[in-house]
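Notes follow once the structure below has been shown.
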Amino acid sequence: MKLAILSRNATLYSTQRLVEAARGRGHSVRVLDPLRCYLRIAPDGFQMHYRGRELADYDAVIPRIGASVTFYGTAVLRQFEMMGSYTPNSSDAILRARDKLRAHQLLAKAGIGLPATVFGDNPDDIADLLRMLGPPPHVIKLNEGTQGNGVILAERLSASRSVIEAFSGLYANFLVQEFIGEAKGADLRCFVVGGKVVAAMRRKAKKGEFRSNLHRGGSASAVSLSQDETETAVRAAKAMGLNVAGVDLIRSRRGPLVLEVNSSPGLEGIEGATGLDVAGAIIDYVAYRVKRQKAPR
């Protein structure tokens, strides 16, 4: 299999592990910076160059596209798709998952549990918007934040109003959600590959922090999921159209609730906590799909 990995930094743990897993299985692999790919689009065909040379005949592309380059990165990935390359996460699926509001709408439509969420724009509607949600604490999230950035816990109604007014003044898009206190600052990261949970870890926020992200000092350990949690993670990834996804759940009195579906989940934390070869599972799945795609019908 001739494989490309779209990543801005070839030295990142996740990128290195995918390269290592692919080469260990005898595949040809190249890391491409998506911002150095440039495209020709015309009715007579699609063309792509990289540092002055043509890119062609890649069997598969694994996107590791950061949030800051979503627009350009998904355009490059879409070009690969148009040129016949397989990708486990399509450009459209990545765009769905990156937009938290759209993702929550799709999850809710699929009947998947999630914290009650409200969204509005006009400052005159703040009081009624918060009445729709219920009493504080409230969690206020920037619509396109990552790794816990732009996530604020407001414990009083006045604090919720102040944060919303501040975000509105900056013309930022944000969501407001109910706070699930019984989760006690912990969540579950479920790593889904090809419709199966291949690894799961429990992340716990450090003392004084409610965000459990490992980048913010949270700790991680392997965890066994219930059948309901496993099914919820798989359904959430499917609702986004993602074949490789990190689904973040919290345990609540009404069952597992989805916080986020990540289209480019990191491998370092989950492999370190579980000792599992998650990179290998991704490569094996992509190779299987490429083989099926090439098989005579």
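Take 1 as the starting number for the sequence shown in full-length UniProt numbering and just add one per residue.
We put the beta carbon where it would ideally sit given N, CA and C, even for glycine.
None of the values given here were measured: they were computed from a predicted structure.
Helix or strand or just coil, what does DSSP make of D33? coil
To the nearest angstrom, how far is it from the Cα of S68 to the Cα of E144? 10 Å
Alpha helix (DSSP H) runs wholly inside the region 227 to 285, at least 4 long, in chain order: Entirely contained in the region 227 to 285, the alpha helix (DSSP H) runs reaching 4 residues are, in chain order, 227 to 240, 268 to 274.
Provide the residue(s) that pair with H138 in DSSP beta bridges, ordered along the chain. A154, E178
Per DSSP, which one or two residues make a beta bridge with M1? Note: M1 sits in no beta bridge, so no partner.
Can you tell which of P43, L133, L32 has its C-alpha closest to the C-alpha of R51? L32
Just list the residues that DSSP pairs I62 with in beta bridges. I5
Spatial distance of residue 298 from M1 (CA atoms): The structure shown has nothing for residue 298, since the chain only spans 1 to 297.
Do L133 and A108 have their C-beta atoms closer together than 9 Å? no
Helix, strand or coil at H27 [DSSP, three-state]: coil
Quick check on DSSP: helix, strand or coil for K196? Three-state result, K196: strand.
On the premise that A154 lies in contact with P136, defined as a C-beta separation below 8 Å, what is that separation, rounded to the nearest angstrom? The Cβ separation is near 6 Å, so the contact holds.
Span separating the alpha-carbon of A172 from that of L101: 13 Å
For the beta strand (DSSP E) that contains G45, what are its first and last residues? 45 to 50
Residues that DSSP places opposite L39 in a beta bridge: M48
Note down, in chain order, each residue of its chain lying with its Cβ closer than 6 Å to the Cβ of S28, except the 5 sequence neighbours on either side. K2
With distances taken from CA atoms, which of D92, S263, Y38, V176 is nearest R189? Of D92, S263, Y38, V176, the residue nearest in Cα terms is S263.
Just curious, the alpha helix (DSSP H) that L101 is in, first and last residue? 100 to 109
Tell whether a beta-carbon distance below 9 Å holds between G255 and D228. yes
Quickly, what does DSSP pair E54 with across the bridge? List them, please. H49
Select from F46, D92, L175 the residue whose C-alpha is nearest the C-alpha of L55. F46
Coil, strand or helix - T117 by DSSP: strand
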